[in-house]
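When you line the sequence shown up against this note's numbering, it's residues 2 to 113, in that order.
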Amino acid sequence: MEITIETTPSVDVASPQVESLDADNAKTFGETLSPQLEGKKPLLVDLSTISFIDSAGLGAILSCLRRKSSSGGSLALCNMSRQVASTFRLVRMDRIIDIFENRDEALKNLGK
């Protein structure tokens, strides 16, 4: 899985270059993000290319959130499609992870 990583002084931004986050690539997603999950620097995952997510994808994001939190950092998401946002609301993950409408809003809030 290709994930573009942009590093700024205050926030790292990861942009998966896939259309779905599912059982086929969820493990690779977590492994690829592993270096960004260490340390206190916030990590923003831009989901703009993802139009489908299943339980394995949700589990991968939850695992990344746990690892980042245990390092003293934070993980947030932005640019969700309507379908992906609906899935997050359905399983109530929107209550445990910061979700922003777009990248600018997320960077403004995370870069504080």
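Beta carbons are placed, not taken as given, at the ideal position from N, Cα and C, and that holds for glycine. Since the structure is predicted, the reported quantities are computational estimates derived from the model, not experimental observations.
Classification of residue i by the beta-carbon crowding that lies within 10 angstroms, buried from 16 upward
i: Val-92; result: exposed
i: Lys-69; result: buried
i: Thr-88; result: buried
i: Asp-43; result: Sequence inspection shows Pro at residue 43; the Asp mentioned does not correspond to that position. It is buried - the Cβ of Pro-43 has at least 16 other Cβ atoms within 10 Å.
i: Ser-16; result: buried
i: Ile-6; result: exposed
i: Ile-51; result: buried
i: Asp-25; result: exposed
i: Gln-84; result: exposed
Cβ separation of residue i and residue j, assumed to be a contact under 8 Å, to the nearest whole Å
i: Val-14; j: Leu-45; result: 5 Å
i: Ala-27; j: Gly-73; result: Actually they are not in contact, since the Cβ atoms of Ala-27 and Gly-73 sit about 25 Å apart, beyond 8 Å.
i: Asp-23; j: Asp-55; result: 4 Å
Closest by C-alpha distance to residue i, when choosing among the options
i: Lys-41; options: Ala-107, Ser-71, Thr-8; result: Ser-71
i: Ile-97; options: Arg-83, Leu-22, Ala-77, Asn-103; result: Ala-77
i: Glu-106; options: Thr-8, Glu-3, Ile-4, Val-12; result: Val-12
i: Leu-34; options: Ile-62, Ile-100, Pro-10, Ser-49; result: Ile-62
i: Ser-64; options: Thr-9, Leu-38, Ile-100; result: Leu-38
i: Gly-31; options: Leu-108, Thr-8, Met-2, Ser-82; result: Met-2
Reduced DSSP secondary structure (H/G/I, E/B, other) of residue i
i: Pro-36; result: helix
i: Met-2; result: coil
i: Val-92; result: coil
i: Gly-112; result: coil
i: Ser-70; result: helix
i: Ser-64; result: helix
i: Cys-82; result: The sequence shown places Ser at residue 82, not Cys. Here Ser-82 sits in coil by DSSP.
Identity of the residues DSSP links to residue i by a beta bridge
i: Ala-77; result: Leu-45, Asp-99
i: Glu-7; result: Val-14
i: Ile-54; result: Leu-22
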